[in-house]
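K.L.:
Dumping the structure here so I can ask a few things about it.
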Amino acid sequence: MGWIGDTVDSVKSIQIRQLLTQAVSLGMIVTSALIIWKGLMCITGSESPVVVVLSGSMEPGFKRGDILFLHMSKDPIRAGEIVVFNIDGREIPIVHRVIKVHERKDTGEVDVLTKGDNNYGDDRLLYAQGQLYLQRNHIMGRAVGFLPYVGWVTIIMTEKPIIKYILIGALGLLVITSKD
Amino acid sequence: MHSFGYRLNGLLTFSLTILAIMCAITSLSDNLNTPSPSAEIQIMNINWFQKQPQGNDEVSLTMNISADLQSLFTWNTKQLFIFVAAEYETPKNSLNQVSLWDAIIPAKEHAKFWIHTSNKYRFVDQGNNLRGKEFNLTLHWHVMPKTGKMFADKIVLTGYSFPEEYR
Chain A
1 MGWIGDTVDS VKSIQIRQLL TQAVSLGMIV TSALIIWKGL MCITGSESPV
51 VVVLSGSMEP GFKRGDILFL HMSKDPIRAG EIVVFNIDGR EIPIVHRVIK
101 VHERKDTGEV DVLTKGDNNY GDDRLLYAQG QLYLQRNHIM GRAVGFLPYV
151 GWVTIIMTEK PIIKYILIGA LGLLVITSKD
Chain B
1 MHSFGYRLNG LLTFSLTILA IMCAITSLSD NLNTPSPSAE IQIMNINWFQ
51 KQPQGNDEVS LTMNISADLQ SLFTWNTKQL FIFVAAEYET PKNSLNQVSL
101 WDAIIPAKEH AKFWIHTSNK YRFVDQGNNL RGKEFNLTLH WHVMPKTGKM
151 FADKIVLTGY SFPEEYR
């Protein structure tokens with residue numbers, strides 16, 4: 001009972017100014033992270049400048065858990081490039097290599113066929129019903145660089161969301177209870 | 001200022017920063033390498049050359065591919081992905097690239113090789129424009145590093161052409 005009284009006292013003794021300062025610094029951290037992310041989106045020209053490799057279809061080059069840096073320039077798409085694309089109706093982006101390119105003379109538009117290095121057949125099975133090729137608007141970016149293993153953090157947080165909640169809860173607690 | 005939490009935080013931040021810098025320097029060291037690769041592709045035989053029911057031309061050929069790509073490997077190279085593509089122009093398309101064969105070279109020792117193979121992937125045109133057409137065969141390589149920036153380049157070999165008639 002005395003313990004509850006102590007807690008109520010300490011809640012009452014939190015000064016408004018201190019609380020507001022902490023809230024503002026938390027807000028600053030979150031917004032600067034957002035600024036960096038949006039800035040990266042602008043610089044690389046891609047909706048999602050960093051992706052995590054989720055499947056083993058590009059092994060042994062890219063393993064599950066690697067992260068890829070993407071860049072989308074106006075340069076035409078050519079065979080051999082590793083592209084990240086979305087299929088209509090599916091939300092998970094796929095990272096595969098371009099094996100066939102047909103570029104139209106009149107419009108400059110391009111039909112592209114992709115295949116994962118570790119897959120036996122091309123990606124026609126993955127495309128939407130009746131779709132034979134990808135077009136430029138399906139492609140989110142070209143992979144230009146990569147870092148191994150760093151993406152496992154994201155995979156663990158997506159597949160076991162409880163860890164995400166624990167982490168955010170612990171961080172929140174740390175911010176509130178810290179003296180500055 | 002000296003609690004376990006602060007020390008752990010400082011240590012983690014520092015080590016992550018150092019790791020990131022090391023990865024960046026490793027990637028930059030790849031630029032010091034000056035590669036001098038060479039390759040040769042011979043078409044031994046056109047096995048068959050038909051028009052499919054849907055109207056697209058298809059050809060099957062056997063090639064002799066020999067290359068020396070050892071100079072492309074650095075200490076930061078995980079593997080080399082190489083592929084041979086046929087490039088040609090058609091009335092409707094300014095560029096067509098069709099990958100015929102690819103391979104992964106995991107180590108420098110395997111980078112000097114000679115292979116006699118038929119095309120791994122079907123050579124199907126978008127249309128029926130291949131009769132008598134000239135095309136180039138390009139050997140592309142993609143250097144996949146252990147960490148950092150990926151490089152790609154190619155060698156273009158010209159002078160190949162399809163037969164005038166289906167067979």
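If you read the protein sequences in the order shown, they are chains A and B. Each residue of the first sequence is one higher than the one before, starting from 1 at the first, in the UniProt record's numbering. Each residue of the second sequence is one higher than the one before, starting from 1 at the first, in the UniProt record's numbering. We put the beta carbon where it would ideally sit given N, CA and C, even for glycine.
Taking 8 Å as the threshold (C-beta atoms), are Asn129(B) and Gly55(B) in contact?
P.N.:
Contact: no.
K.L.:
Compare the C-beta of Ser15(B) against all C-beta atoms of chain A and say whether one is closer than 8 Å.
P.N.:
Answer no: the Cβ-Cβ gap between Ser15(B) and chain A never drops below 8 Å.
K.L.:
Under 6 Å Cβ to Cβ from Glu59(A), same chain only, skipping five residues before and after it: list those, please.
P.N.:
Here the set comprises Asn118.
K.L.:
Pull out every residue of the segment 89 to 109 of chain A whose Cβ sits closer than 7 Å to any Cβ of chain B, in chain order.
P.N.:
Answer in chain order: Ile99, Lys100, Val101, His102, Glu103, Arg104 and Lys105.
K.L.:
Applying the criterion that 16 or more other CB atoms from any shown protein chain within 10 Å of the CB defines a buried residue, is Leu19(A) buried or exposed?
P.N.:
With fewer than 16 other Cβ atoms within 10 Å, it is exposed.
K.L.:
Tell me, please, whether the CB atom of Met144(B) is closer than 8 Å to any CB atom in chain A?
P.N.:
Chain A, which has a Cβ nearer than 8 Å to the Cβ of Met144(B), makes this yes.
K.L.:
What did DSSP end up calling Pro76(A) once you bin it into helix, strand or coil?
P.N.:
Of the three classes helix, strand and coil, the one that applies to Pro76(A) here is coil, per DSSP.
K.L.:
Taking a cut of 9 Å between CB atoms, which residues from the segment 138 to 152 of chain A lie near chain B?
P.N.:
So the list reads Ala143, Val144, Gly145, Phe146, Leu147 and Pro148, given in the order they occur along the chain.
K.L.:
Counting only beta-carbon atoms, is Val59(B) nearer than 8 Å to chain A?
P.N.:
No, no contact with chain A.
K.L.:
Here's the rule: buried if 16 or more other CB atoms are within 10 angstroms of the residue's CB, otherwise exposed. What is Asn31(B)?
P.N.:
It is exposed - the Cβ of Asn31(B) has fewer than 16 other Cβ atoms within 10 Å.
K.L.:
What's the call for Cys23(B), buried or exposed, on a 16-neighbour Cβ count within 10 Å?
P.N.:
Buried.
K.L.:
Assign Tyr127(A) to buried or exposed, taking buried as 16 or more other Cβ atoms, counted over all protein chains shown, within 10 Å of its Cβ.
P.N.:
The residue in question, Tyr127(A), is buried, as its Cβ has 16 or more Cβ neighbours within 10 Å.
K.L.:
Going by DSSP in three states, Asp180(A) sits in which element: helix, strand or coil?
P.N.:
The predicted model places Asp180(A) with a pLDDT of 49, which falls under 50 and marks its position as unreliable; any figure quoted below should be read in that light. Coil at Asp180(A), not helix or strand.
K.L.:
Confirm, please, whether the CB-CB distance from Val59(B) to Phe151(B) is below 8 Å.
P.N.:
Taking 8 Å as the Cβ cut-off, Phe151(B) and Val59(B) do not qualify as a contacting pair.
K.L.:
Going along the chain, which residues of the segment 112 to 130 of chain A sit with their C-beta nearer than 7 Å to a C-beta in chain B?
P.N.:
From the segment 112 to 130 of chain A, only Asp117 have a Cβ closer than 7 Å to chain B.
K.L.:
Given a threshold of 16 other Cβ atoms within 10 Å of its Cβ, counted over all protein chains shown, does Lys112(B) qualify as buried or as exposed?
P.N.:
By the neighbour-count rule (16 or more Cβ atoms within 10 Å), Lys112(B) is not buried but exposed.
K.L.:
In whole angstroms, what separates the C-alpha of Ile65(B) from that of Lys78(B)?
P.N.:
Taking the straight line joining both Cα atoms gives about 23 Å.
K.L.:
From the DSSP output, read off the bridge partner residues of Thr117(B).
P.N.:
Per DSSP, Met63(B).
K.L.:
When the cut-off is 8 Å and only beta carbons count, does Gly45(A) lie next to chain B?
P.N.:
Gly45(A) does not count as touching chain B.
K.L.:
Closest to Arg124(A) by C-alpha separation, out of Lys100(A), Val144(A) and Met140(A), would be which residue?
P.N.:
Considering only alpha carbons, the answer is Lys100(A).
K.L.:
Can you tell me which residues form a DSSP beta bridge with Met144(B)?
P.N.:
BP columns for Met144(B) point to Gln79(B).
K.L.:
Asn96(B) to Thr17(B), Cα distance in whole Å?
P.N.:
In a straight line, the C-alpha of Asn96(B) is about 44 Å away from that of Thr17(B).
K.L.:
Report whether the distance from the Cβ of Ile162(A) to the nearest heavy atom of the ligand NAP is below 7 Å.
P.N.:
Absence of the ligand NAP from the depicted structure is noted, as is the absence of any ligand whatsoever, leaving it without description.
K.L.:
Does Asp180(A) pass the burial test, meaning 16 or more other C-beta atoms within 10 Å, or should it be called exposed?
P.N.:
Model confidence at Asp180(A) stands at a pLDDT of 49, short of 50, so the residue's coordinates are unreliable and nothing is read from them.
K.L.:
Does any residue of chain B bring its CB to less than 8 Å from the CB of Ile4(A)?
P.N.:
No, no contact with chain B.
K.L.:
Establish whether the CB of Asp180(A) and some CB of chain B are separated by less than 8 Å.
P.N.:
For Asp180(A), the pLDDT reaches just 49, beneath the cut-off of 50, and the residue's location in the model is therefore unreliable, although a value from the coordinates is still provided. Not an interface residue.
K.L.:
Residues in its own chain within less than 6 Å of Glu81(A) by CB, not counting five upstream and five downstream?
P.N.:
Hits under 6 Å: Val98 and Arg142.
K.L.:
Just how far apart, CA to CA, sit Leu40(A) and Pro53(B)?
P.N.:
Distance between the alpha carbons of Leu40(A) and Pro53(B): 48 Å.
K.L.:
Are the segment 47 to 65 of chain A and the segment 19 to 33 of chain A in contact at 8 Å, needing three or more beta carbon pairs?
P.N.:
Short answer: they don't touch.
K.L.:
Among Asp57(B), Leu157(B), Glu40(B) and Gln42(B), which residue has its Cα nearest to the Cα of Trp48(B)?
P.N.:
Cα-wise, what sits closest to Trp48(B) is Asp57(B).
K.L.:
Does the beta carbon of Arg64(A) sit closer than 8 Å to a beta carbon anywhere in chain B?
P.N.:
Not one chain B Cβ lies under 8 Å of Arg64(A).
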